[in-house]
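Residue numbers (the working numbering): 122 to 202. The C-beta atom is built at its ideal place from N, Cα and C for all residues, glycine as well. All of these numbers come straight from a predicted model, not from anything done at the bench. Notes for the one structure printed next.
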């Protein structure tokens with residue numbers, strides 16, 4: 122699993138989580154979150170474990186408590202843990 126790709130996914134997930142309806146429609150946010158979840162669910166068991174490990178490392182490195190919490194719950198939110 123490539124850490125840079127996990128960082129991109131993390132930033133995308135944070136964007137979707139924090140976007141306001143004035144920036145992007147709620148329908149689009151939900152559709153993109155569902156698409157992200159569907160794609161992550163295609164990972165093999167090993168890929169899921171690697172993704173979760175790297176995502177946890179990235180979350181712990183962030184200075185924002187809010188971002189850390191969002192990233193740490195992402196695997197549960199998308200159904201890969």
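- In this structure, the alpha-carbon of residue 139 lies about 22 Å from that of residue 172.
- Counting C-beta pairs with one atom in each stretch, the stretch 184-193 and the stretch 147-156 have fewer than three that are closer than 8 Å, which means they do not touch.
- Approximately 10 Å separates the beta-carbon atoms of residue 127 and residue 161; this is outside 8 Å, ruling out the contact.
- When secondary structure is reduced to three states using DSSP, residue 140 falls in the coil class, being assigned neither helix nor strand.
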